[in-house]
Amino acid sequence: MATKVSARGAAEGPHGEITLARGERLGMRMWRAEAPNADKPMTTSPHETVGYVISGRAELVVGGETVTLAAGDSYCVPAGAEHTYRILETFTAVEATAPPAG
Numbered sequence: 001m002a003t004k005v006s007a008r009g010a011a012e013g014p015h016g017e018i019t020l021a022r023g024e025r026l027g028m029r030m031w032r033a034e035a036p037n038a039d040k041p042m043t044t045s046p047h048e049t050v051g052y053v054i055s056g057r058a059e060l061v062v063g064g065e066t067v068t069l070a071a072g073d074s075y076c077v078p079a080g081a082e083h084t085y086r087i088l089e090t091f092t093a094v095e096a097t098a099p100p101a102g
């Protein structure tokens, strides 16, 4: 059975993420117009994350390595890796997680 989720009416998660389509093994979410910040705490997740930057800029810090992300870039955060994002310019990205986040 197909499932449709419109970003306009999608639920916002506890960290500001917009929950999009979700299956049993894969989930998708969007970080929409996230404001610049410098103090997001490091975190770990049991899921692998791949993402695509739609607009803005951020620094992704994974395991002590910092990568600058901009519109058109994609990225991967391995499951269990300690990581954080520093938003440098208002940031919008779409991520897929396996298994589904949250």
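Each residue of the sequence shown is one higher than the one before, counting from 1 in full-length UniProt numbering.
Heads up, the beta-carbon is just placed ideally off N, CA and C, and yes, glycines get one too.
Cβ-Cβ distance between residue i and residue j below 7 Å
i   : j    : result
G13 : G102 : yes
A93 : G27  : no
G64 : A81  : no
T84 : M30  : no
Counted within 10 angstroms of its Cβ, other Cβ atoms place residue i as buried (16 or more) or exposed
i   : result
E34 : buried
A58 : buried
R25 : exposed
E17 : buried
E95 : buried
G23 : exposed
T66 : exposed
T97 : buried
Heavy atom of the ligand PLP within 6 Å of residue i beta-carbon
i   : result
G80 : Absent from the structure shown: the ligand PLP. Ligands present: none.
For residue i, the three-state DSSP class (helix, strand or coil)
i   : result
E24 : coil
S6  : coil
T92 : strand
G72 : coil
A98 : strand
T44 : coil
E12 : strand
M1  : coil
G63 : coil
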